[in-house]
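Residue numbers (the UniProt record's numbering): 1 to 432.
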Amino acid sequence: MSSPSATSNPLSTLAPKRKTKKKHFVQQKVEVFRASDPVLSVLMWGVNHSINDLSQVPVPVMLLPDDFKSSTKIKVNNHLFNKENLPGLFKFKEYCPQVFRNLRERFGIEDQDYQVSLARCPPLKDEDGQCVGLLLTSYDRTLVVKEISSEEVEEMHNILSEYHQHIVTCHGNTLLPQFLAMYRVTVESEDTYLLVMRNMFSHRLHIHRKYDLKGSLVSREASFKEKVKELPTYKDVDFRNNMQKVYVSDEEKQKIMDKLSRDIEFLVRMRIMDYSLLLGIHDVERAERDEEEEMESSYEEEEEEETDMAPAPGSTSPEGISGYMSSFKPMGPGEFDPYVDVYAIQSAVDSPQREVYFMGLIDVLTQYDTKKKAAHAAKSVKHGVRHHGWLGYPAKFTGLLPRCIQSSLTECVCVCFAGRSRNLNSPPGAVR
Numbered sequence: 001m002s003s004p005s006a007t008s009n010p011l012s013t014l015a016p017k018r019k020t021k022k023k024h025f026v027q028q029k030v031e032v033f034r035a036s037d038p039v040l041s042v043l044m045w046g047v048n049h050s051i052n053d054l055s056q057v058p059v060p061v062m063l064l065p066d067d068f069k070s071s072t073k074i075k076v077n078n079h080l081f082n083k084e085n086l087p088g089l090f091k092f093k094e095y096c097p098q099v100f101r102n103l104r105e106r107f108g109i110e111d112q113d114y115q116v117s118l119a120r121c122p123p124l125k126d127e128d129g130q131c132v133g134l135l136l137t138s139y140d141r142t143l144v145v146k147e148i149s150s151e152e153v154e155e156m157h158n159i160l161s162e163y164h165q166h167i168v169t170c171h172g173n174t175l176l177p178q179f180l181a182m183y184r185v186t187v188e189s190e191d192t193y194l195l196v197m198r199n200m201f202s203h204r205l206h207i208h209r210k211y212d213l214k215g216s217l218v219s220r221e222a223s224f225k226e227k228v229k230e231l232p233t234y235k236d237v238d239f240r241n242n243m244q245k246v247y248v249s250d251e252e253k254q255k256i257m258d259k260l261s262r263d264i265e266f267l268v269r270m271r272i273m274d275y276s277l278l279l280g281i282h283d284v285e286r287a288e289r290d291e292e293e294e295m296e297s298s299y300e301e302e303e304e305e306e307t308d309m310a311p312a313p314g315s316t317s318p319e320g321i322s323g324y325m326s327s328f329k330p331m332g333p334g335e336f337d338p339y340v341d342v343y344a345i346q347s348a349v350d351s352p353q354r355e356v357y358f359m360g361l362i363d364v365l366t367q368y369d370t371k372k373k374a375a376h377a378a379k380s381v382k383h384g385v386r387h388h389g390w391l392g393y394p395a396k397f398t399g400l401l402p403r404c405i406q407s408s409l410t411e412c413v414c415v416c417f418a419g420r421s422r423n424l425n426s427p428p429g430a431v432r
């Protein structure tokens, strides 16, 4: 299957021709910051401006405390230049540019590839309605841009130094979100705060099922409205009722549990709660069937396909975060590049069906503050102090809720794995 990112690689012509509905992936020939939404236009303009400016600044030998508080901003009174695409007056601010540049490097993302992925074509708006505020995906589907609140910006500043140190310590091998940049876009005196992260799901493998897991069965079932969506987000109760399992090798299980334990320990130290484990499942056989059906109905549109997806004349590298993959032979069903799809896990050879799993921790910017204490107290009144976890054992409330959540989610992930047993004499959350 060829990458959605259009490239000038001649090998790409060897890939099977098929109908595509994602014509927004076409590389644009002119203004790279063209978008109908003024916030998106300013974001794309700002990313180009920021990366170009940053390329002129030497990489520091080491980050200093001031780098975790710094920012750059620009105010543009735009009367003449590109006025059909940009608002008349706007401001763009980048938070901690040196820190995020260092994080991008540690996550294996070149600044120029980041720039191309985010600013060559307008990001796509999420139509799912799951997220409050703006949620965008880059045109090549490698990056996610999420609108956050000013409180979350403050929380990011609070944890950024420790987060950076955690990434250094684990060499970027983490289930935590890969934070790549944080911006503020101001249009018509209205501020929009945007956080850029690597997409936890694949840029080329379609997700057929997804779950948001917290390790609790209390009020953790998807609503009827959610379940009728094309790709619903199921929850813990649904996972149990569907008898869903994750089929991976013992070696992969151990790697996942090691990362999970390390990452959640970091979240506990930061007194962060409300996080979830996001699980996406790609069904390889189903994807093959869908592709065959798509190919059968696409021959009449081959000429249109070739025209629409042709690369822009004179286009050169970089080709974005996923672009270099096209320099190799086309990937087969269920195959992925671990340097791009860093959250992907192949199913075990002896699993009942061929699947690819994507696992990562999300919603990690909520601290256990007074408001959360009140919310937990209300839930305790309704359901009792002891909230039952996946195995029917009460998750013991020790006075420090983040530690309790750590135990519940770890227990949850243990149960997810097919064939993984648990000693009933072990306390909840113990990994055998």
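Beta carbons are placed, not taken as given, at the ideal position from N, Cα and C, and that holds for glycine.
query, result
"Whole-number beta carbon distance between D263 and T174, since they are thought to touch under 8 Å", "6 Å"
"Pick from M197, Q346, Q353 that is closest to I362, judged by C-alpha positions", "M197"
"Closest residue to N48 among S117, G88, M270, E292 (Cα-Cα distance)", "S117"
"Proximity below 9 Å, CB of S347 to CB of V248", "yes"
"Under the three-state DSSP convention, the category F417 falls into", "strand"
"Nearest candidate by alpha-carbon position, reference R271, set H171, G280, H208, I159", "I159"
"Own chain partners of I207 with C-beta closer than 8 Å, once the 5 adjacent residues on each side are dropped", "F201, L231, G280, I281, H282, F358"
"F179 and F100 closer than 9 Å at C-beta", "yes"
"Beta-carbon contacts of L89 that lie in its chain and below 6 Å, excluding the five residues immediately before and after", "N77"
"As assigned by DSSP and simplified to three states, the class of L346", "A quick correction: the sequence has Gln, not Leu, at residue 346. Here Q346 sits in strand by DSSP."
"Other residues of its chain near K245: CB distance less than 6 Å, five sequence neighbours each side excluded", "A418"
"Cβ neighbours of S36 in the same chain (closer than 8 Å, five flanking residues each side left out)", "P122"
"Neighbour-count burial assignment, L400, 16 or more Cβ in a 10 Å radius", "Model confidence at L400 stands at a pLDDT of 43, short of 50, so the residue's coordinates are unreliable and nothing is read from them."
"Separation of R354 from L54, as counted between CA atoms", "44 Å"
"9 Å Cβ cutoff, N48 in contact with chain D", "Absent from the structure: chain D. Only one protein chain is present."
"Classification of N242 by the beta-carbon crowding that lies within 10 angstroms, buried from 16 upward", "exposed"
"Through-space distance from I74 to F92, alpha-carbon basis", "5 Å"
"Local Cβ density within 10 Å of E84, reported as buried at 16 or more and exposed below that", "exposed"
"Residue(s) in a DSSP beta bridge with A119", "For A119, which the question treats as bridged, DSSP gives no partner whatsoever."
"For I148 and G133, the rounded distance between their alpha carbons", "8 Å"
"Residues bridged to V145 [DSSP beta-bridge criterion]", "L136, V196"
"Endpoints, the beta strand (DSSP E) within which S276 is located", "276–283"
"Alpha helix (DSSP H) runs contained entirely in the segment 201–286, provided each spans 4 or more residues", "224–227, 236–241, 250–269"
"As assigned by DSSP and simplified to three states, the class of L176", "coil"
"Inter-residue Cα distance where the pair is M1 and Y343", "Here the model assigns M1 a pLDDT of 44, short of 50, so the residue's position is not dependable, and the following value carries that caveat. Their Cα atoms are separated by approximately 19 Å."
"Neighbourhood of I51 by C-beta, 6 Å cutoff - its chain only, sequence neighbours within 5 removed", "D111, Q115"
"Coil, strand or helix - residue 434 by DSSP", "Because the chain here runs from 1 to 432, residue 434 falls outside it and cannot be looked at."
"Straight-line Cα distance separating L63 from V413", "35 Å"
"CA-to-CA distance, A119 to L86, given in whole angstroms", "14 Å"
"Assigned secondary structure, M331 (DSSP; H/G/I helix, E/B strand, else coil)", "coil"
"Cβ-based neighbour list, D290, same chain, cut-off 8 Å, excluding 5 preceding and 5 following", "H206"
"C-beta atoms of R104 and A222 nearer than 9 Å", "no"
"Own chain residues within Cβ distance below 6 Å of H166, not counting five before or after", "F266"
"Buried or exposed by the 16-neighbour rule on C-beta atoms within 10 Å, applied to Y95", "buried"
"Proximity below 9 Å, CB of P177 to CB of G320", "no"
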